[in-house]
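> Numbering (the numbering used here), first residue to last: 620 to 686. Just so it is clear, CB atoms sit at the ideal spot from N, CA and C, and this is done for glycine as well.
#1: Short of 8 Å in beta carbon distance, which residues of its chain neighbour residue 633, apart from the five on each side in sequence? Order them along the chain.
#2: By DSSP, does residue 660 sit in helix, in strand, or in coil?
#3: For residue 675, does the count of other Cβ atoms within 10 angstroms reach 16, so buried, or fall short, so exposed?
#4: Candidates 666, 655 and 663: which alpha carbon is nearest residue 681's?
#5: Could you tell me which residues DSSP pairs with residue 681 in its beta bridges?
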């Protein structure tokens, strides 16, 4: 899995701090998610991120295919 949240935030001109403030998600959780340093993410966090950014799940998480 590859997290592409960083690109979505950059494209929309939104900082991780603004996302955290507006969604109630901790900055640490967003930072770890954004930097692909998490092994799991709750559906609640994913839903809040996608709703706030008006995007689909596949816009922030991609499945890397082998070969």
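The short version:
#1: For the purposes of this step, residue 633 is identified with residue 14 of the chain shown, where counting begins at 1. Excluding sequence neighbours, residue 633 sits near 672.
#2: Locating residue 660 in the chain shown gives position 41, where the first residue counts as 1. The answer is coil: DSSP assigns residue 660 none of H, G, I, E or B.
#3: As a working note, residue 675 is residue 56 in the chain shown. Classification for residue 675: exposed.
#4: Counting from 1 along the chain shown, the entry for residue 681 is found at position 62. Comparing Cα-Cα distances from residue 681 to each of 666, 655 and 663, the minimum goes to 655.
#5: Here the question's residue 681 lines up with position 62 in the chain shown. Paired residues: 621.
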